[in-house]
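Encoded as structure tokens, the structure appears first; notes follow it.
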Amino acid sequence: IKEKGTSSTDPKQVLKDLPTVANVGLPKYVKFGQKYPFILISPQLKSSYGSWSPAFIMEVVNHVKKTLRIDDTRIYLTGLSLGGFGVWKTAGEYPSVFAAIAPICAGGNAMDKAAVIAKENVAVWGFHGSGDHIVSHTVTTNMINAINSAPKKPNPLAKVTIFPGMGHIIWDKAYLETDVLQWMLSFKKGSGAPSQSANSHPVVKAGEDKTVLLPASSVLIEAKASDEDGQISDFSWTKVSGPDATLSGTRTAHQKVEELQEG
Numbered sequence: 005i006k007e008k009g010t011s012s013t014d015p016k017q018v019l020k021d022l023p024t025v026a027n028v029g030l031p032k033y034v035k036f037g038q039k040y041p042f043i044l045i046s047p048q049l050k051s052s053y054g055s056w057s058p059a060f061i062m063e064v065v066n067h068v069k070k071t072l073r074i075d076d077t078r079i080y081l082t083g084l085s086l087g088g089f090g091v092w093k094t095a096g097e098y099p100s101v102f103a104a105i106a107p108i109c110a111g112g113n114a115m116d117k118a119a120v121i122a123k124e125n126v127a128v129w130g131f132h133g134s135g136d137h138i139v140s141h142t143v144t145t146n147m148i149n150a151i152n153s154a155p156k157k158p159n160p161l162a163k164v165t166i167f168p169g170m171g172h173i174i175w176d177k178a179y180l181e182t183d184v185l186q187w188m189l190s191f192k193k194g195s196g197a198p199s200q201s202a203n204s205h206p207v208v209k210a211g212e213d214k215t216v217l218l219p220a221s222s223v224l225i226e227a228k229a230s231d232e233d234g235q236i237s238d239f240s241w242t243k244v245s246g247p248d249a250t251l252s253g254t255r256t257a258h259q260k261v262e263e264l265q266e267g
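Just so we're aligned: 141 in our numbering is position 137 of the sequence shown, and the numbers increase by one with no gaps anywhere.
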């Protein structure tokens with residue numbers, strides 16, 4: 005809801021509200037410098053809309069197909085919360101468009117569309133938290149089960165990841181700590197199987213939040229990283245927000261931050 009934009013058609017108001025689309029998820033990561041090997045399109049829902057309309061999503065998709073260089077066989081759809089609900093609805097209405105989808109803590113599903121998603125062999129990976137008290141994880145598991153129980157079994161079978169004990173806010177864990185993006189990119193529409201042997205991206209965690217109390221002015225951050233099909237050879241640290249601070253320039257998992265300012 006906090007990512008919605010204005011309902012006005014005034015260009016000035018539209019541009020004023022547009023930055024909120026980057027509050028969370030993939031557009032937020034791009035805002036802070038993340039680069040991806042694909043074109044990312046993040047439509048913004050008008051504040052007057054209660055949910056995502058599949059027709060609206062397809063307006064955006066068709067516009068992008070006309071204006072950018074798009075591979076029709078490699079169009080993917082992901083979204084979180086209300087956006088996850090939109091993923092289910094849109095894939096259900098237009099299953100022939102998408103090679104793979106990843107609804108995250110979806111605010112609803114489309115049980116009546118499970119069979120058509122399965123019939124079109126849309127690759128599906130759903131995510132939810134077992135402790136989600138805003139939207140039950142059964143919204144996701146019921147949909148996954150319905151797809152896999154369809155008269156025509158999908159290829160590949162739909163899969164689900166339930167994060168034990170986690171609540172509604174799981175999108176960073178899903179996007180940053182799994183290979184869901186690389187997984188989606190491995191599918192082509194109509195192939196029924198990964199288009200290539202995909203390289204798994206490294207998984208990196210900068211560690212838990214730290215609180216430094218004055219007069220202390222430095223802190224040591226220790227990261228953890230893994231790569232299931234390779235090795236970690238180098239690290240690169242970047243400060244993305246906050247007052248001035250000095251990074252020691254280390255290329256290892258240990259980063260000393262000095263000359264911290266209050267704030």
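Ideal placement from N, C-alpha and C gives every residue a C-beta, glycine not left out.
message: Can you tell me whether lysine 6 is buried or exposed? The criterion is at least 16 other CB atoms within 10 Å of its CB, across all chains shown.
response: Walking along the sequence shown from the start, residue 6 turns up at place 2. Lysine 6 comes out exposed.
query: With burial defined as no fewer than 16 other Cβ atoms inside 10 Å of the residue's Cβ, what is the status of glutamine 200: buried or exposed?
result: Within the sequence shown, numbered from 1, the residue matching residue 200 stands at position 196. Legend: pLDDT at glutamine 200 = 46, less than 50; position of this residue unreliable, no value from coordinates given.
query: Are valine 120 and glycine 87 close, meaning C-beta to C-beta below 8 Å?
result: The count along the sequence shown starts at 1 and reaches residue 120 at position 116. The count along the sequence shown starts at 1 and reaches residue 87 at position 83. It is not a contact, given that the beta carbons lie outside the stated cut-off.
Element boundaries [beta strand (DSSP E), containing threonine 82]: The sequence position of residue 82 within the sequence shown is 78, counting from 1. Start and end: 80-84.
- prompt: Three-state secondary structure (DSSP) at lysine 32?
  reply: Along the sequence shown, one-based indexing puts residue 32 at 28. In the structure shown, lysine 32 sits in a helix (DSSP, three-state: H, G or I).
- request: Assuming alanine 118 contacts alanine 150 (C-beta within less than 8 Å), just tell me the rounded distance between them.
  value: On the sequence shown, residue 118 is found 114 positions in, with the first residue counted as 1. On the sequence shown, residue 150 is found 146 positions in, with the first residue counted as 1. With 8 Å as the limit, alanine 118 and alanine 150 qualify as a contact, their Cβ atoms being about 4 Å apart.
- prompt: Which residues in the same chain as tryptophan 241 place their Cβ atom closer than 7 Å to its Cβ, once the five residues preceding and following it in sequence are excluded?
  reply: Counting from 1 along the sequence shown, the entry for residue 241 is found at position 237. Excluding residues within five positions, the ones whose Cβ falls inside 7 Å are Leu251, Gln259.
field: Within the stretch 201-267, ranges of the beta strand (DSSP E) (whole runs, at least 3 residues)
entry: 207-209, 223-226, 228-230, 258-262
- prompt: Roughly how many whole angstroms lie between the Cα atoms of leucine 161 and asparagine 125?
  reply: Within the sequence shown, numbered from 1, the residue matching residue 161 stands at position 157. Within the sequence shown, numbered from 1, the residue matching residue 125 stands at position 121. Their backbone Cα atoms lie some 8 Å apart in a straight line.
task: Give the straight-line distance between the Cα atoms of phenylalanine 60 and tyrosine 40, rounded to the nearest whole angstrom.
output: By one-based count along the sequence shown, residue 60 stands at place 56. By one-based count along the sequence shown, residue 40 stands at place 36. Roughly 25 Å between the two C-alpha positions.
message: At the level of alpha carbons, what is the spacing between lysine 16 and glutamate 181?
response: Within the sequence shown, numbered from 1, the residue matching residue 16 stands at position 12. Within the sequence shown, numbered from 1, the residue matching residue 181 stands at position 177. Whole-angstrom Cα-Cα distance: 37 Å.
task: For the stretch 105-151, list the alpha helix (DSSP H) runs that are entirely contained and at least 4 residues long, ordered along the chain.
output: 118-123
- request: Compare the beta carbon distance of leucine 81 and isoleucine 108 with 8 Å and say whether it is the shorter of the two.
  value: For the purposes of this step, residue 81 is taken as residue 77 along the sequence shown, with counting starting at 1. For the purposes of this step, residue 108 is taken as residue 104 along the sequence shown, with counting starting at 1. Going by C-beta atoms, leucine 81 is not nearer than 8 Å to isoleucine 108.
- prompt: How many whole angstroms separate the CB atoms of tryptophan 92 and alanine 106, which I take to be in contact at a CB cut-off of 8 Å?
  reply: Sequence index remark: in the sequence shown, residue 92 carries index 88 (1-based). Sequence index remark: in the sequence shown, residue 106 carries index 102 (1-based). Between alanine 106 and tryptophan 92 the Cβ distance is about 11 Å, and since that is not below 8 Å, they are no contact.
message: Pairs of beta-carbons, one from the stretch 187-195 and one from the stretch 211-231, closer than 8 Å: are there three or more?
response: no
- request: Look up lysine 163 in the DSSP assignment and give the residues it is bridged to.
  value: Within the sequence shown, residue 163 is the residue found at index 159, counting from 1. Its beta-bridge partners are Trp129.
task: Please go through the same chain and pick out, in chain order, the residues whose beta-carbon is closer than 6 Å to the beta-carbon of lysine 123, but skip the five residues on each side of it.
output: Here residue 123 refers to the residue found at position 119 of the sequence shown. Correct list, in chain order: Lys156.
message: Does lysine 177 come out as helix, strand or coil in the three-state DSSP assignment?
response: Here residue 177 refers to the residue found at position 173 when the sequence shown is read from its first residue. Lysine 177: helix per DSSP, three-state reduction.
query: Around the Cβ of histidine 132, are there at least 16 other Cβ atoms within 10 angstroms (buried) or fewer (exposed)?
result: Your numbering for residue 132 matches position 128 in the sequence shown. Result: buried.
field: Rounded C-alpha distance that separates glutamate 266 from serine 245
entry: Translated into the one-based positions of the sequence shown, residue 266 becomes position 262. Translated into the one-based positions of the sequence shown, residue 245 becomes position 241. Roughly 13 Å separates the two Cα atoms.
- request: Return the first residue and the last residue of the alpha helix (DSSP H) that glutamate 63 is part of.
  value: As a position in the sequence shown, residue 63 is number 59, starting the count at 1. Here the alpha helix (DSSP H) through glutamate 63 covers 58-71.
- request: Using three-state DSSP, classify lysine 156 as helix, strand or coil.
  value: As a working mapping, residue 156 is identified with position 152 in the sequence shown. Looking at lysine 156 - three-state DSSP - the assignment turns out to be coil, as it is neither helix nor strand.
field: Backbone secondary structure at lysine 93 - three-state DSSP
entry: Taking the first residue of the sequence shown as 1, we reach residue 93 at position 89. In this structure, lysine 93 counts as helix in the three-state DSSP scheme.
task: Measure the Cβ-Cβ separation of phenylalanine 89 and glycine 54 and say whether it is below 8 Å.
output: Indexing the sequence shown from 1 puts residue 89 at position 85. Indexing the sequence shown from 1 puts residue 54 at position 50. Result no, Cβ atoms of phenylalanine 89 and glycine 54 do not sit closer than 8 Å.
task: Grab the span of the alpha helix (DSSP H) containing glutamine 38 for me, first residue to last.
output: Along the sequence shown, read from residue 1 onward, the residue named residue 38 stands at position 34. That residue, glutamine 38, is in no alpha helix (DSSP H); it is neither H nor E in DSSP.
task: With DSSP as the reference, label leucine 6 as helix, strand or coil.
output: In the sequence shown, residue 6 corresponds to position 2, counting from 1. This sequence places lysine at residue 6; leucine is not what is there. Reduced to three states, the DSSP call for lysine 6 is coil.
- prompt: If you drop the 5 nearest sequence neighbours on each side, which residues of the same chain put their C-beta closer than 6 Å to that of histidine 141?
  reply: Taking the first residue of the sequence shown as 1, we reach residue 141 at position 137. Excluding residues within five positions, the ones whose Cβ falls inside 6 Å are His132, Ser134, Ile166.
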